[in-house]
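Peer 1: Structure incoming, see below.
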Amino acid sequence: MAEETIFTKIINGTIPSKLVYHDDLVSAFADINPKAEHHILIVTNKPIPSVSAVTTEDEPALGRLFTVAAKIAKDLGVSESGYRLIVNCGPDGGQEVPHIHMHFLAGGKLGGLGFPQR
Ligand code: AMP
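Counting from 1, one number per residue, gives the positions in the sequence shown under full-length UniProt numbering.
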């Protein structure tokens with residue numbers, strides 16, 4: 001059996017996190033190394049290794065990443081002021097954890113494309 005990813009351990013509660021959302025398809029928790037005032041990771045509960053590995057079966061979970069991003073934006077009061085969603089893919093894309101996740105970043109002007117410089 002493949003080794004569990006660090007995000008699977010967070011979803012299962014084996015590793016502690018600041019969980020902000022959980023349902024049958026996705027979970028969301030604070031990034032341990034925040035690149036903005038609000039930096040939340042929205043993660044599929046299924047450990048899909050990367051966007052390159054998705055199938056049509058995964059579309060409900062992938063769609064849920066966006067509806068949960070919209071909910072988090074509303075909860076944080078940034079739906080209108082704005083935020084950034086990032087999905088890193090593979091080594092050249094800067095993906096460190098091989099388990100699909102969307103970075104939700106908010107809190108003031110975020111600057112140019114990519115992670116804000118802090
Ligand atoms: P990526 O480079 O897109 O794969 O992003 C992985 C993200 O996971 C990084 O922003 C890390 O700071 C974050 N991360 C790694 N370990 C943890 C953890 N235990 N709890 C929360 N975030 C984590």
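From the three backbone atoms N, C-alpha and C, an ideal C-beta is built for every residue, glycine too.
(1) I'd like to know whether the C-beta atoms of L65 and R84 end up nearer to each other than 7 Å.
(2) Please enumerate, following chain order, all residues with a beta carbon closer than 5 Å to at least one heavy atom belonging to the ligand FMN.
(3) Alpha carbon to alpha carbon, how far is P98 from G107?
(4) Alpha carbon to alpha carbon, how far is S50 from L105? Give it in angstroms, no decimals.
(5) Can you name the start and end residues of the alpha helix (DSSP H) that I6 belongs to?
(6) Round the Cβ separation of F7 and V54 to the nearest angstrom and send it over; I've been treating them as touching at under 8 Å.
(7) If you follow the alpha helix (DSSP H) that T67 is in, where does it begin and where does it stop?
(8) Give the secondary structure of A53 by DSSP, where H, G and I count as helix, E and B as strand, and everything else as coil.
(9) Check this for me: beta carbons of Y21 and V78, under 7 Å apart or not?
(10) Pick out whichever of D92, A28, G93, F115 has its Cα sitting closest to the Cα of A61.
Peer 2: A quick look at the data gives this:
(1) Counted from its first residue, the sequence shown places residue 65 at position 65. Counted from its first residue, the sequence shown places residue 84 at position 84. No, they are not a contact pair.
(2) For the ligand FMN, the structure offers nothing, since it holds only the ligand AMP.
(3) On the sequence shown, position 98 is the one that residue 98 refers to. On the sequence shown, position 107 is the one that residue 107 refers to. Looking at the two C-alpha atoms, the distance is approximately 27 Å.
(4) Locating residue 105 in the sequence shown gives position 105, where the first residue counts as 1. Locating residue 50 in the sequence shown gives position 50, where the first residue counts as 1. Rounded to the nearest angstrom, the two C-alpha atoms are 20 Å apart.
(5) Counted from its first residue, the sequence shown places residue 6 at position 6. Counting along the chain, the unbroken alpha helix (DSSP H) around I6 starts and ends at 6 to 12.
(6) On the sequence shown, residue 7 is found 7 positions in, with the first residue counted as 1. On the sequence shown, residue 54 is found 54 positions in, with the first residue counted as 1. About 16 Å; that fails the 8 Å criterion.
(7) Here residue 67 refers to the residue found at position 67 when the sequence shown is read from its first residue. Segment 59 to 76, the alpha helix (DSSP H) holding T67.
(8) Start at 1 with the first residue of the sequence shown, and residue 53 comes out as number 53. Note: A53 maps to helix in three-state DSSP.
(9) What you label residue 21 is simply residue 21 of the sequence shown in a count that begins at 1. What you label residue 78 is simply residue 78 of the sequence shown in a count that begins at 1. Their beta carbons are not under 7 Å apart, which means Y21 does not touch V78 by this criterion.
(10) By 1-based counting over the sequence shown, the position of residue 61 is 61. Nearest of D92, A28, G93, F115 to A61, Cα basis: A28.
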